[in-house]
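A.B. asks: Chains A and B, in that order, give the protein sequences. Residue numbers for the first sequence follow the numbering used here, so the first one is -9 and each next one is one higher. Residue numbers for the second sequence follow the numbering used here, so the first one is 1200 and each next one is one higher. All C-beta atoms, glycine included, are put in the ideal place defined by N, C-alpha and C. None of these values were measured; they are calculated from a predicted model.
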Amino acid sequence: MLARPTRAALVALASLGVGLVPATALANPPDTYGFGSRETAMGNAASADTRGFAANYYNPANLARSRGLEISVGYFRADHTLEMNGRDNGVDPVKGINGGVVVPGKLFGIPFAFGLGVHLPDDRISRVRALRQEQPRWELYDNRNQRLFLAANLAIEPFPWLQLGGGLSFMSSTRGKLDISGAANVLRPDDSQLRHEVDADLTAIRYPQAGVRVALSERIALAAVYRGEFQLGLDLSAHLSGDISGLTTALYELETHSVNNFLPQQAVFGGSWLLTRDVRASFDATWMNWAAYVPPVAQLDVVLDIPPPAGGWPATISPPQTPAPTRIVPLRMHDRIIPHLGAEWRVLDARKLQGFLRGGYEYSKTPIDPQTGLTNYVDRDRHTFSLGIGLTARALARELPGSLSLDLHAALSELVSATTSKASAADFVGDYTARGHIVNLGAMLTVAFDGWGTPQEEP
Amino acid sequence: MRAVGGTKGRAVRTGVAIALASALSLASARAEASPEDLFGYGARTSAMGATGTAFAGGYESAWHNPALASDVRVAKLTLGYTGGLLRLAARGEGLPGRTSSQAVTGTTIGAEIPLPLGGIFAHRLGIALAFYEPTDVVVRGRVLYPEKTQFPMLDNRAQSVTIRAGIGADLGYGIRVGAGFAALAEIVGTVVAATDATGRVGTRVEDQLVATYAPTLGVSYDLPLKGPELWRVGVTYRDSLAARFSVIIDGTKLSSLQIPLFNISGLAQYDPAQVAVEVARKEQLSVLAAQVVYKQWSRFNGVLEPTVVCTEGGAGACGLIPPKIDWKDTLVVRLGADQGFRIARGAVLHARAGGFFETTPLPSELAGSEAYSQGAKGVVAVPTRYFDSDRLALTAGTGLTLTKPLPPIDLDLFAQYHILLPRTVTSVDPSGGVLSQGESSGHIAVFGMTAGITF
Chain A
-9 MLARPTRAAL VALASLGVGL VPATALANPP DTYGFGSRET AMGNAASADT
41 RGFAANYYNP ANLARSRGLE ISVGYFRADH TLEMNGRDNG VDPVKGINGG
91 VVVPGKLFGI PFAFGLGVHL PDDRISRVRA LRQEQPRWEL YDNRNQRLFL
141 AANLAIEPFP WLQLGGGLSF MSSTRGKLDI SGAANVLRPD DSQLRHEVDA
191 DLTAIRYPQA GVRVALSERI ALAAVYRGEF QLGLDLSAHL SGDISGLTTA
241 LYELETHSVN NFLPQQAVFG GSWLLTRDVR ASFDATWMNW AAYVPPVAQL
291 DVVLDIPPPA GGWPATISPP QTPAPTRIVP LRMHDRIIPH LGAEWRVLDA
341 RKLQGFLRGG YEYSKTPIDP QTGLTNYVDR DRHTFSLGIG LTARALAREL
391 PGSLSLDLHA ALSELVSATT SKASAADFVG DYTARGHIVN LGAMLTVAFD
441 GWGTPQEEP
Chain B
1200 MRAVGGTKGR AVRTGVAIAL ASALSLASAR AEASPEDLFG YGARTSAMGA
1250 TGTAFAGGYE SAWHNPALAS DVRVAKLTLG YTGGLLRLAA RGEGLPGRTS
1300 SQAVTGTTIG AEIPLPLGGI FAHRLGIALA FYEPTDVVVR GRVLYPEKTQ
1350 FPMLDNRAQS VTIRAGIGAD LGYGIRVGAG FAALAEIVGT VVAATDATGR
1400 VGTRVEDQLV ATYAPTLGVS YDLPLKGPEL WRVGVTYRDS LAARFSVIID
1450 GTKLSSLQIP LFNISGLAQY DPAQVAVEVA RKEQLSVLAA QVVYKQWSRF
1500 NGVLEPTVVC TEGGAGACGL IPPKIDWKDT LVVRLGADQG FRIARGAVLH
1550 ARAGGFFETT PLPSELAGSE AYSQGAKGVV AVPTRYFDSD RLALTAGTGL
1600 TLTKPLPPID LDLFAQYHIL LPRTVTSVDP SGGVLSQGES SGHIAVFGMT
1650 AGITF
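1. Which residues in the same chain as residue 1550 of chain B place their Cβ atom closer than 7 Å to its Cβ, once the five residues preceding and following it in sequence are excluded?
2. Using a Cβ-Cβ distance under 8 Å, would residue 1353 of chain B count as near chain A?
3. Measuring only the C-alpha atoms, how far is residue 1310 of chain B from residue 150 of chain A?
4. Name, going along the chain, the residues of the region 1273 to 1285 of chain B whose beta-carbon falls closer than 7 Å to a beta-carbon of chain A.
5. Any beta-carbon of chain B closer than 8 Å to the one on residue 189 of chain A?
6. Which partner residues does residue 1344 of chain B have in the DSSP bridge list?
7. Any beta-carbon of chain B closer than 8 Å to the one on residue 424 of chain A?
8. Whose C-beta lies closer than 6 Å to the C-beta of residue 345 of chain A among residues of the same chain, with five residues either side of it excluded?
9. Can you give me the C-alpha to C-alpha distance between residue 104 of chain A and residue 144 of chain A, rounded to a whole angstrom?
10. Count the other CB atoms within 10 Å of the CB of residue 1519 of chain B; is the residue buried (16 or more) or exposed (fewer)?
11. Looking at the structure shown, is residue 207 of chain A part of a helix, part of a strand, or coil, going by DSSP?
12. Using a Cβ-Cβ distance cut-off of 8 Å, determine whether residue 1648 of chain B contacts chain A.
13. Beta-carbon within less than 8 Å of residue 1521 of chain B's beta-carbon, same chain only, minus the 5 sequence neighbours each way: which residues are those?
14. Could you check the C-alpha separation between residue 113 of chain A and residue 1435 of chain B for me, to the nearest Å?
15. Tell me which residue opens and which closes the beta strand (DSSP E) that residue 1238 of chain B is part of.
16. Could you check whether the Cβ of residue 233 of chain A sits closer than 8 Å to any Cβ belonging to chain B?
17. Please tell me whether residue 1318 of chain B has its Cβ less than 8 Å away from any Cβ of chain A.
18. Starting from residue 37 of chain A, trace the alpha helix (DSSP H) both ways and give me its first and last residue.
19. To the nearest angstrom, how far is the alpha carbon of residue 1408 of chain B from that of residue 1444 of chain B?
20. For residue 340 of chain A, which option in A:327, A:318, A:320, A:385 has the closest C-alpha, if you only look at C-alpha atoms?
21. Report the neighbours of residue 59 of chain A on chain B: residues whose CB is nearer than 9 Å to its CB, in chain order.
22. Tell me where the beta strand (DSSP E) around residue 54 of chain A begins and ends.
23. Go ahead and pull the three-state DSSP assignment for residue 12 of chain A.
24. Output, in chain order, the set of chain A residues within a Cβ distance shorter than 8 Å of residue 1578 of chain B.
25. Among A:31, A:331, A:436, A:407, which one has its Cα closest to the Cα of residue 399 of chain A?
26. For residue 1473 of chain B, I'd like the list of residues in its chain whose CB is within less than 7 Å of its CB, leaving aside the five on either flank, ordered along the chain.
27. Under 7 Å, CB to CB, which of the residues in the region 342 to 371 of chain A have a partner in chain B?
28. Please decide whether residue 1441 of chain B counts as near chain A, where near means a Cβ-Cβ distance under 8 Å.
29. Does chain A have any CB closer than 8 Å to the CB of residue 1654 of chain B?
30. Below 8 Å between beta carbons: does that hold for residue 1450 of chain B and residue 1458 of chain B?
31. Along the region 80 to 100 of chain A, where does the CB come closer than 9 Å to a CB of chain B? Name the residues.
32. At the level of alpha carbons, what is the spacing between residue 1315 of chain B and residue 61 of chain A?
33. Take residue 1297 of chain B as the anchor and find which of B:1647, B:1641, B:1646 has the nearest alpha-carbon.
34. Restricting to Cα atoms, I'd like to know which of B:1478, B:1411, B:1578 is closest to residue 1466 of chain B.
35. Just to confirm, is the Cβ distance from residue 391 of chain A to residue 439 of chain A under 8 Å?
36. Which residues mark the beginning and the end of the beta strand (DSSP E) in which residue 353 of chain A is found?
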């Protein structure tokens, strides 16, 4: 039997337990920063209005509006200046490539399209970050948007006034076990004789999205979209065993289950109205089911056994102490309806070139209960104002029988200043005032092989 | 001191959960190689001995040769299902006999997209996208103690997601070139536990899933020979695809105890760099192909890494060192054939067959491993029980291609039967003493079907 308790591993791992909650909730980066410069500039009021690759997020039904191959690629960067008591909290920027493809055609005579959309962050595909529950963090911005978004959809247009679409987005959960065994030397760590074994699976999580778009007239369209909830589970077991400097043995066995990522289900109702030949207005109302939020609290079952050595512990060694237990405080959240408003004005309409000015607004009331107790999940109501321009050039060359579009956006989110007052004067963190803003800049380049670029002329 | 459940151990358990989340989420990114490297990719070419470097078309070209994506003329979406069973055995003293009978199932998604450029670029460019997702897992990660009987080249290799894309261009004069990539993920992270000024133990866990890519380059040339048949040579280079997982657990600031840094690391995924060369003879309804692949396994460093990060020199400078294995470069020889029969207007039925032979990269004599023995109160030699064999595969399949006036649909089926040729693998200690000896053998059955629709 080679396995014997490993005190080093035990202490290092076991001591992690004080005051922790597992990873923060995750969501789609497009929920916060938009997906595509045109739509972001229009306040993400896009469920009835979008087309092209962005439809993979806003409304998959709209993929069927494309009449030729469309390829889009772009980049955005959102910088956070989020502060507490006047001190910046150093929330990382969210930045990366947005892109996608729409492949339309006809299936048994019915317009049909297949689409892929992706947000690929610069630095990572995803990040798990776990902090103590009392440590203040911007719950909705600190880590939740540091991840990939990948969606695949199909859409059909059975009638010229009706588009239907749906598809899947992809994530994964983890299950597995870790084993560390051997001998740990706590007097001379380099003499430790340890090995590890890992056996784990990344299991597939697929969550649906579906949408419908109805053109009521040549000028008005309505849309409804549903995005499914997903929970990323973390099922782990561990076995740590070994010999401690020849003094004693230690055994640690653990099994845990937790939901460490959660995205609430969402429903969107939106509309688009062509006010004049050159001006379009759109709105969306997004319901987010935050009340169903599953707090990232682990269900645990553990066995810990470290007998003292014969004659007691040497004076130079402090026996491992079990850290004080932590009471996990649930995070309570509320459903929210987020309004989005957008407008687009075609300011240039030449034979080969069109130009657009865009603007938008959205208001997101924080779903998180006031943090008057032990926890400090910081959030504030958010107002977002956005602007953008677009240029679409047609028939640039025989080699490009379609259009080339460049869209730029800038969005400023203001998180309203508010003070959190703690119920206890002896609170470890104390009262604080939190506020901030987010600056989101980006650009998209789209090649469309059907020459589209006149959305104002369509419902 | 003993705590079972209850509040006393809750903090400990939560902390360990976090540490393990970190250490295990890394492993979740792992798999030991791609299923396409084992079985090929696509129902048509998988029935033809996994050939295709000189003739594969559509979405299959993302794996076989992205240059051939230049032949894509219409958009097409393909969905499919693949299933398989691995029955691997290691027989000998102290060995378990059959070690694996796991079923492998997964979904194939392929897309092919012509780029409708005009002018001199008209009908010259195409894109191929190839995905495969195992039904139950995205990837399976196992880094086991070396004394456990295992087939490291086979056990988990079919349990990994495939993401490949390629673009091809027809340059004229019978020359096509293409480029693409394969994507996977690796995990890096840290777990730092420390005691703060108030005496509380706090932890910071940060794991990141980071994308890793491997380029694929391809070229094909239509030989200027006269006759009804087309002779084409295809060459594809696929760079190595390696994805490590690496999480460092740091408890050195917990107390005055000298706790080593833990390096929970390993190689999650490895496809060796490889070059495939193929000659194909194509006629209107038939294809014959012969292929040779060279795989550079000699650059494979194995899946295990040391657990302790040493004060000087980092991981591997002290403590137990994983066994060093002298992996060998391998060769694969593949043959494939396809014959079509017009059975009706707009309907062609295909019969396909093929086979391949792949040598094993695992040497027949392996160095033993080291482990701490509590009984001996010291480090002892343990066997390295890795097994693998040369593999002979026989393949067959059929397909139905419908065109106007029928609906534009393709249906393809394939089956493969792999035989692991019996082979003795011996593990020895530094003095040459035999630690373990056994014979590896087994077989693998794979089947699949795809349906593609043009739109």
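C.D. replies: The relevant details are as follows:
1. 1538, 1597
2. no
3. 26 Å
4. 1274, 1276
5. Answer yes: the Cβ-Cβ gap between residue 189 of chain A and chain B drops below 8 Å somewhere.
6. Answer is none; residue 1344 of chain B lacks a bridge partner.
7. no
8. For residue 345 of chain A, where only same-chain residues beyond five positions count, the Cβ hits under 6 Å are 337, 338, 381.
9. 5 Å
10. buried
11. coil
12. no
13. 1345, 1501, 1503, 1504, 1505, 1568
14. Answer to the nearest angstrom: the Cα atoms are 30 Å apart.
15. No beta strand (DSSP E) holds residue 1238 of chain B; the alpha helix (DSSP H) holding it covers 1234 to 1238.
16. yes
17. yes
18. From DSSP, residue 37 of chain A is part of no alpha helix (DSSP H); its letter is neither H nor E.
19. 9 Å
20. A:385
21. 1274, 1312, 1313, 1314, 1315
22. It is not in any beta strand (DSSP E) - residue 54 of chain A carries neither H nor E in the DSSP assignment.
23. Residue placement at residue 12 of chain A is flagged as unreliable, the pLDDT there being 33, under the threshold of 50; a coordinate-derived value is accordingly withheld.
24. 183
25. A:31
26. Here the set comprises 1437, 1492, 1493, 1494, 1495.
27. none
28. no
29. yes
30. yes
31. 91, 93, 94, 95, 96, 97, 98
32. 12 Å
33. Ranking B:1647, B:1641, B:1646 by CA distance to the CA of residue 1297 of chain B puts B:1641 first.
34. In terms of Cα proximity to residue 1466 of chain B, the closest of B:1478, B:1411, B:1578 is B:1411.
35. Against a cut-off of 8 Å, the Cβ pair of residue 439 of chain A and residue 391 of chain A comes out as a contact.
36. 343 to 354
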